[in-house]
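Add 145 to a position in the sequence shown, counting from 1, and you land on the number used in my numbering.
Quick reminder that beta carbons are idealized off the backbone N, C-alpha and C, glycines included.
The structure appears right after this line, and notes come after that.
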Amino acid sequence: MDSKSSDTVMEPREADRLPSSASSAVKIVIVGGFGVGKTTLVRSVSEIRPLTTEETMTRASTGIDDLAGVEHKSATTVAMDFGRISLNEELVLYLFGTPGQQRFWFLWNGLFEGALGAVVLVDTRRLEVSFDVIGRLEEAGVPFVIAVNAFPDAANYPTEELRSALDLPTSVPIVVCDARRRESSRDVLISLMHHLRDNTLTSGTELTAESG
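This is the structure:
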């Protein structure tokens with residue numbers, strides 16, 4: 146490969162550059178149990194090439210990771226996923242997807258630091274994998290919305306039935322999404338920002354973000 150080709154490969158894409166109009170940046174974490182679609186959501190909605198830390202699953206995880214309901218999953222996030230989306234000309238969201246297996250949860254504390262809010266992805270076929278995730282967010286005091294990832298073979302449940310099953314207060318929004326679709330994933334993030342705004346209006350505090 147000649148030097149010209151090498152330079153071209155190393156040159157960042159124009160789409161990866163932070164818009165010059167951006168004045169505020171907000172850190173958002175995407176959390177959920179193993180195999181609920183966190184990496185898929187970050188990939189689908191990110192306007193830059195997402196950074197992922199997926200590794201092929203091996204026999205070493207047998208008996209450690211619970212594959213019930215996701216037996217065909219062949220790769221897993223071992224550190225984090227990272228992406229970026231501009232909701233408007235001024236506001237940029239930095240997205241951090243967390244690993245789902247409990248053996249990697251020690252990484253969560255660092256990912257939660259500085260986060261303004263969170264999206265909890267839920268699979269209605271395996272609601273139980275979301276209980277501990279929601280509990281950790283509540284303990285950390287991180288506001289969140291629930292995003293029900295509409296898997297093709299998953300049953301549809303009324304919102305209030307899901308709220309009761311997850312033991313959530315009425316103040317926590319529940320939205321349905323398809324994590325594979327950019328528009329649907331973007332709507333989830335907008336719902337979270339509306340929720341954060343409503344929280345600040347209720348508490349009388351200001352919604353703070355890092356200035357660009």
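Check: residue i C-beta below 6 Å from any heavy atom of the ligand ATP
| i | result |
| --- | --- |
| V293 | The ligand ATP is absent from the structure shown, which contains no ligand whatsoever. |
Cβ-based neighbour list, residue i, same chain, cut-off 7 Å, excluding 5 preceding and 5 following
| i | result |
| --- | --- |
| S191 | G228, R229, I230 and L240 |
| S148 | Confidence at S148 is low in this model, with a pLDDT of 39, below 50, so its placement is unreliable and the value that follows should be read with caution. Same-chain partners within the cutoff: there are none. |
| S336 | V290, P318 and V320 |
| S329 | C322 and D323 |
| G242 | I175, K183, T184, V187, T222, M225 and D226 |
| Y302 | T269 |
| A285 | F257 |
C-beta atoms of residue i and residue j nearer than 7 Å
| i | j | result |
| --- | --- | --- |
| L272 | A310 | yes |
| D268 | N233 | no |
| V174 | A263 | yes |
| L261 | V171 | yes |
| V274 | G178 | yes |
| A292 | L313 | no |
Where residue i falls, given that 16 or more other Cβ within 10 Å makes a residue buried
| i | result |
| --- | --- |
| P244 | buried |
| L256 | buried |
| L346 | exposed |
Cutoff 8 Å; reference residue i; Cβ partners in own chain excluding five residues on either side
| i | result |
| --- | --- |
| R270 | G214, F296, D298, A299 and A300 |
Nearest to residue i (by Cα), restricted to the options the options
| i | options | result |
| --- | --- | --- |
| S189 | N344, L337 and R326 | R326 |
| L282 | E258, Y302, M225 and P303 | E258 |
| F276 | M338, R331 and L307 | L307 |
6 Å Cβ shell around residue i - same chain, five flanking residues per side excluded
| i | result |
| --- | --- |
| L196 | F227 |
| R331 | V190 |
| H340 | V290 and P318 |
Cβ pair count under 8 Å reaching 3, the region 314-321 against the region 177-186: no
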